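Participant:
In the UniProt record's numbering, the protein residues as written are 1 to 944.
Here you go:
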């Protein structure tokens, strides 16, 4: 019984305790709901006061939905639907649904209906308000974890607000913000936040951490009166063992937004001051732009006017000065202006960029000072500059052309004037000759001179054209040119009149001498060279044709005379004697003509042989010099190239040999004919044969040298390869590495066997190389020295006169011996010689190719002064003569005046023979000399 009583007592105590705890929890919940209701009500009123609304009871004043709609409209900044003004429940539900529909677009709402708000459900209403606070006040807060790194992680909402509080209160004593509950109980956190942003409002050093209520009230009052933050909390609501987190978060979020707005307003003030300063700077930049633009446009206009001036000086020197000034403008004056224009454009764009950054309208310069205007003016300047340059270039070319034309006119006028004086002097000579041959020669000479003078009519016309063009182009010395032209043309007219007069006089004189004729077959002159003989043969052919024509005439006369003699006339015997005498004279003349032809043909064959012999001998001497030249080669490729050239030379010699043999056969034919110059012919034949044999010897010797050089180079290259291979393999066979384990040893053994196989495979190459070296020694190529210089590098003289060094491929081997084969021991891995142990390597001396700085021989033309003695045509006076400044005795030899005159012309005017611009005049002088020589030769028939 007692136990039952005790059991009932314990149950009763547990029930009482449970009821107490349940009541306590319910009381705490009611207290929390009361605090949240009070805080949220004050928070709503802080926004609704802008619309002149107020919430007195949070649970009942939201039932119509109007205040809720207005709150959302104010806090979101968006225009919401107009609330229904009806007072029925359905109207209220409609308004609340509008609010909830708007919130559904921002946040996710669950278990909240319009009926709950209309019916005044406390928990759901508080939850709705907290959702609004969280969405529009706390969720918008974003704080970067690392302030210095913009790309770092960001925190938002509650975490961001807590991080912001921690950063702003860091370093303040008695403040340790870790949450939104007990960390704020002593009030020091609120004071620290205010002091961090406005240190002038709070004297943080005077606060006492133990006075919680005083600290909280002090912070709330300062925040409300100085910062405009509504007092959402009471000090007693915070100074509890567990303050309401949502209420404190709502109040602290008000601090964040207030201070953020203050910061934004401060930034706005600074931005406005900065904008005003920038606008003032922009005004100064505008003034600079307009001033710079005015100056550069004025400069462009002045420069365009200057560049468009076309009053150029009428001389080459003046145009060159203008070009120098134009170049100075381009290189000195224009670049700074172009830089100034670019700076003006940059200034204009800088003004507009700064205006654009300030959201101001773009700058519009005054009319005529736009960038487009400046660009258009600059383009006009560029066009004027281009036109000026083209005009100056054209004028320069025109002036140069006129100067060249004037120079050509002066040069041609000097030549024409000299020619006129010479021809007038020639035509003024009254001597026509004393016999028919001389007169005929004078006639031919006159015909040649007349043809030459008349052919030059076009040249004098061209001279007039040059003078007219200079006058037309307004050449600065045109008056002088025209005066010079008139003088030359006047002399030209005088020459034409004199030529006509000379022609009439010579024709009359020729008719008087037509009965006289001389015998032309007695001369023994056969000329001094091939062209002279051919010239004499041509003349002889003409004379033979004349003789043949005379023979026809004599034959007709004989036929006619036979009829007269047969008639028995008294004069028949006399006629018969004269015919016989005439026939005898004609036969004698024919024999002399035939003898003369034989003499001339023999001379022609001899001179033709001499010419061919000299050509062939010169060719052989040239090829001998090529074969005697040193072998200049730096490597095997160069030697092979020389060998190919030598083969081409051998082919050329083989192709040329038949031609030389033909020349020798021609000489031997002349010897068989017992030519008068047989001694000279025989000497020339022997000389050509000796030189040809010598050339073949030189060719064979050079061929052998090239082959030996190729063998030496090949051996040297192979020996170097062998040497490199041995140096590469010796470290492998001398290695002391036998491996540290079985796999290592097996790997080394495999490598060693591969090396043995490679050495065996290489043995044939080594034997071939050794045999090649022994062959070179037996052939005497152990020491080679090719080229005209010795192996010590002495300097030799080339044919062209330049210096060169010893050929760079002189090879020498003191000892060339068989190279022993390398044999690897399988057991030790050491290398041994196949023919026995290695005792000592024989010292070898190798003269290997080296790069030598040398001067390559260059072929050039060397002009030499050669004094040559030639027999000049002499005249022999058949009769004593005195007159015209000449006195000659009978039989005296002397050069003719015509020859002397021609030589003096060449000596005084060598440009007449070599002047490139008037090849016709040089030909004219040569024709004149030939005419003089022919005239004097025919007139006097000298035998020298």
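The beta carbon of each residue, even a glycine, is placed where N, CA and C say it ideally should be. All of these numbers come straight from a predicted model, not from anything done at the bench.
#1: Distance, Cα to Cα, residue 776 vs residue 740?
#2: Check whether the Cβ atoms of residue 230 and residue 359 lie closer than 8 Å to each other.
#3: With contact counted as at least three CB pairs below 8 Å, one residue from each stretch, are the region 27-35 and the region 50-67 in contact?
#4: Under the DSSP definition of a beta bridge, which residues are partnered with residue 142?
#5: Using the rule of at least 16 other Cβ atoms within 10 Å of the residue's Cβ for burial, across every protein chain shown, is residue 307 buried or exposed?
#6: Roughly how many whole angstroms lie between the Cα atoms of residue 601 and residue 663?
#7: Compute the Euclidean distance between the alpha carbons of residue 120 and residue 93, then round it to the nearest angstrom.
#8: Can you give the Cα-Cα distance for residue 261 and residue 60, rounded to whole angstroms?
#9: I need the straight-line Cα distance from residue 41 to residue 74, nearest angstrom please.
#10: Less than 8 Å between the C-beta atoms of residue 216 and residue 239, yes or no?
#11: At what residues does the alpha helix (DSSP H) containing residue 262 begin and finish?
#12: One question on the structure: do residue 653 and residue 623 come within less than 8 Å of each other, judged by their Cβ atoms?
#13: Give me the Cβ distance between residue 141 and residue 157, rounded to the nearest whole Å; I'm assuming they're in contact under 8 Å.
#14: Would you check if there are 3 or more beta carbon pairs closer than 8 Å linking the region 336-350 to the region 281-296?
#15: Rounded to the nearest angstrom, how far is the Cβ of residue 71 from that of residue 80, given a contact under 8 Å?
#16: Return the residue from the list 659, 722 and 95 that minimises the CA-CA distance to residue 620.
#17: Return the CA-CA distance between residue 241 and residue 182, expressed in angstroms with no decimal places.
#18: With distances taken between CB atoms, is the gap from residue 666 to residue 609 smaller than 8 Å?
#19: Give the straight-line distance between the Cα atoms of residue 15 and residue 146, rounded to the nearest whole angstrom.
#20: Can you tell me the Cα-Cα spacing of residue 712 and residue 749, whole angstroms?
#21: Taking the alpha-carbon of residue 474 as reference, which of 164, 110 and 405 has the nearest alpha-carbon?
#22: Taking all protein chains shown into account, do 16 or more other C-beta atoms lie within 10 angstroms of the C-beta of residue 160, making it buried, or fewer, making it exposed?
#23: Could you give the first and the last residue of the continuous alpha helix (DSSP H) run that contains residue 122?
#24: Using 8 Å as the threshold, is the C-beta distance between residue 1006 and residue 606 below it?
#25: Which runs of the alpha helix (DSSP H) spanning at least 4 residues fall entirely within the UniProt domain "Calponin-homology (CH)" (34-137), listed in chain order?
#26: With H, G and I counted as helix, E and B as strand and the rest as coil, what does DSSP make of residue 610?
#27: With DSSP as the reference, label residue 671 as helix, strand or coil.
#28: Following the continuous alpha helix (DSSP H) through residue 375, name the residue where it begins and the one where it ends.
#29: Using the Cβ count rule (16 or more neighbours within 10 Å means buried), how would you classify residue 668?
#30: Identify, in the order they occur along the chain, each residue of the same chain with its Cβ nearer than 8 Å to the Cβ of residue 313, setting aside the five sequence neighbours on each side.
#31: Return the chain-ordered list of same chain residues with a C-beta closer than 8 Å to the C-beta of residue 177, the five sequence neighbours on each side being excluded.
#32: For the region 716-782, which segments carrying the alpha helix (DSSP H) assignment without a break, of at least 4 residues, lie completely within its bounds, in sequence order?
#33: On a Cα-Cα basis, can you pick out the residue from 587, 137 and 282 that is closest to residue 551?
#34: With H, G and I counted as helix, E and B as strand and the rest as coil, what does DSSP make of residue 473?
#35: Assuming residue 643 and residue 542 are in contact, meaning their beta carbons sit under 8 Å apart, how far apart are those beta carbons, in whole angstroms?
Facilitator: So, to answer that:
#1: So the alpha carbons of these two residues sit roughly 49 Å apart.
#2: In this structure, residue 230 keeps its C-beta atom at 8 Å or more from the C-beta atom of residue 359.
#3: Segments in contact, no.
#4: DSSP links residue 142 through a beta bridge to 156.
#5: With at least 16 other beta carbons inside 10 angstroms of its own, residue 307 counts as buried.
#6: 17 Å
#7: 12 Å
#8: 33 Å
#9: 16 Å
#10: Taking 8 Å as the Cβ cut-off, residue 216 and residue 239 qualify as a contacting pair.
#11: Boundaries of the alpha helix (DSSP H) around residue 262: 245-307.
#12: yes
#13: That belief holds up - the Cβ atoms of residue 141 and residue 157 are roughly 6 Å apart, short of 8 Å.
#14: The answer is yes - the region 281-296 touches the region 336-350, with three or more Cβ pairs under 8 Å.
#15: Between residue 80 and residue 71 the Cβ distance is about 10 Å, and since that is not below 8 Å, they are no contact.
#16: Closest by alpha carbon: 659.
#17: 7 Å
#18: yes
#19: 55 Å
#20: Computed Cα separation, rounded: 39 Å.
#21: 405
#22: buried
#23: 122-133
#24: The shown model of the chain, from 1 to 944, leaves out residue 1006, and the question about it has no answer.
#25: Those alpha helix (DSSP H) runs which fall completely within the UniProt domain "Calponin-homology (CH)" (34-137) and span 4+ residues are 66-76, 89-104, 114-119 and 122-133.
#26: DSSP places residue 610 in helix when its eight states are reduced to three.
#27: Helix.
#28: 371-427
#29: Its Cβ having fewer than 16 others within 10 Å, residue 668 is exposed.
#30: So the list reads 319, 321 and 322, once near-sequence residues are dropped.
#31: 162, 165, 166, 169, 183, 184 and 189
#32: Qualifying alpha helix (DSSP H) stretches, in chain order: 742-778.
#33: 587
#34: coil
#35: So it is not a contact: roughly 58 Å between Cβ atoms.
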